[in-house]
Amino acid sequence: MFSKLALSSQPAFCTYYSTCTEPCRGRTRPDMICRMEMQATPSLGVEEEGVTRRTQSPCFDTRIERSDLQFTKMQQLETEINQESRSFGVFVAREAELNEEYWTAAWLRAESHWEDRPNERYAESYKRKFADQEYNALKRRCRGYQGQQSSCIIAVKKEANNVKHTILKSVVGTLDLSIRYLLQGESFPGERVQAPLFCSIERKEASRYGYVANLCVAKSARRKGIALNMLKFAIESAKSKGAEMIFVHVHKKNTPARKLYQRLGFEIVEVANKQLVEEQMYLLSCKT
């Protein structure tokens, strides 16, 4: 019961996280941008339906002991968190800190991915496997690789009257922000489609950019400005890390997603359209 995350045509769960977030020879794979409140291909599956359903907690056997996860752990109070954040209404957008926050973000993506296939055989098993794999991949990305900085941004429900909720119930939205560098000679990500495997990366201030992916919001928390405010926080964060531009891929048929990004100043990179015809995608950019 979360908004859709990856392309509706995405085949198996195992190909989703591995192909969408990591660059391929310097080119960002566009096949993983969500739908409107989500961010992975049809980039935003956000508030398209306006349906609010009761969000179900992840189904798993809590008797299984995990060395790094405590599924009953309570959320942190705002006073216990020492990092930049963006407060809006009863929510706050910030970077994930705890392993349980990373795992819940991964579960949101799994729910989004299977949203249109609730009756599919073994769906629950696939979702759990997807979440575990995405959790591990997310932790690896956030440790940094190939000179990139990656962070998992989450939207969390504030505690009411200092009453805490479990982390599983408090995280209602997520997206990935990575800080990357353009390849030598590029003006936008993926411009050099036939770039050599070992082509150089321009590690200059002017070549640094931000890239947003995997935006998703729980269905029960839609139409509350969560996607918009997470994106605003991502733009602010990218700017603080020295990125002058931020990019995102959006599916051409995902009008709600495009409208959301346009509200924040994103514009279509026209010169990139020819390369994205087959993928039915737009590349959008915005100055931070």
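Under this note's numbering, think of the first position of the sequence shown as 779, with each following residue one higher. Note that CB positions come from ideal geometry on N, CA and C, so glycine has one too.
S890 versus G1020: straight-line alpha-carbon distance, rounded: Cα to Cα, the separation comes out at about 31 Å.
Same chain, Cβ closer than 7 Å to A874, neighbours up to 5 away in sequence not counted: Y880, A883, C930, I932.
Nonlocal neighbours in the same chain, by C-beta distance under 8 Å from E1045, ignoring five residues either side: Taking C-beta separations shorter than 8 Å and ignoring five residues to either side along the sequence, the partners of E1045 in its chain run L1062, S1063, C1064, following chain order.
Same chain, Cβ closer than 8 Å to D846, neighbours up to 5 away in sequence not counted: Correct list, in chain order: N877.
The region 1002-1009 touching the region 959-967, judged by at least three CB pairs closer than 8 Å: With the cut-off at 8 Å, the region 1002-1009 and the region 959-967 do not touch.
Local Cβ density within 10 Å of M814, reported as buried at 16 or more and exposed below that: Any reading at M814 needs caution, since the residue's pLDDT is 36, under 50, leaving its predicted position unreliable; the model's value is listed next. By the neighbour-count rule (16 or more Cβ atoms within 10 Å), M814 is buried.
Limits of the alpha helix (DSSP H) - the one that T906 falls within: For clarity, residue 906 is Arg in the given sequence; the question names Thr instead. R906 -> alpha helix (DSSP H) spans 901-920.
Between the CA atoms of E969 and S948 - distance to the nearest angstrom: Their Cα atoms are separated by approximately 39 Å.
Contact the region 892-901 vs the region 1031-1040: 3+ CB pairs below 8 Å: Look at the beta carbons and you see the region 892-901 not touching the region 1031-1040: under three pairs across the two are nearer than 8 Å.
Residue environment, E893, which counts as buried when at least 16 other CB atoms sit within 10 Å: With 16 or more other CB atoms across the displayed protein chains lying within 10 angstroms of its CB, E893 is buried.
S890, enclosing alpha helix (DSSP H) - first and last residue: Element bounds for S890: 877-891.
Alpha helix (DSSP H) runs wholly inside the region 996-1039, at least 4 long, in chain order: Whole alpha helix (DSSP H) segments, 4+ residues: 1004-1018.
is_contact[K1002, chain C] using C-beta, thresh 8 Å: Included in the structure is just one protein chain, with no chain C present.
Proximal residues to Q861 (C-beta, below 7 Å), its chain only, five neighbours per side dropped: The answer, listed in chain order, is R872, E873.
Inter-residue Cα distance where the pair is A1016 and T1066: Here the alpha carbon of A1016 sits roughly 7 Å from the alpha carbon of T1066.
Distance CB(K917)-CB(Q853) smaller than 8 Å: No, the pair does not count as a contact, with Cβ atoms beyond the cut-off.
Simplified DSSP state of T857, which is helix, strand or coil: In this structure, T857 counts as helix in the three-state DSSP scheme.
Contacts around N1007, its chain only, beta-carbon distance under 8 Å, and the 5 residues preceding and following it disregarded: The answer, listed in chain order, is R864, F866, F869, A871, A933.
Range covered by the alpha helix (DSSP H) that runs through L847: No residue range can be given for L847, since it is assigned to no alpha helix (DSSP H) and is classified by DSSP as neither H nor E.
Three-state secondary structure (DSSP) of K935: Reduced to three states, the DSSP call for K935 is strand.
Inter-residue Cα distance where the pair is S903 and V1049: Rounded to whole angstroms, the gap between the alpha carbons of S903 and V1049 is 42 Å.
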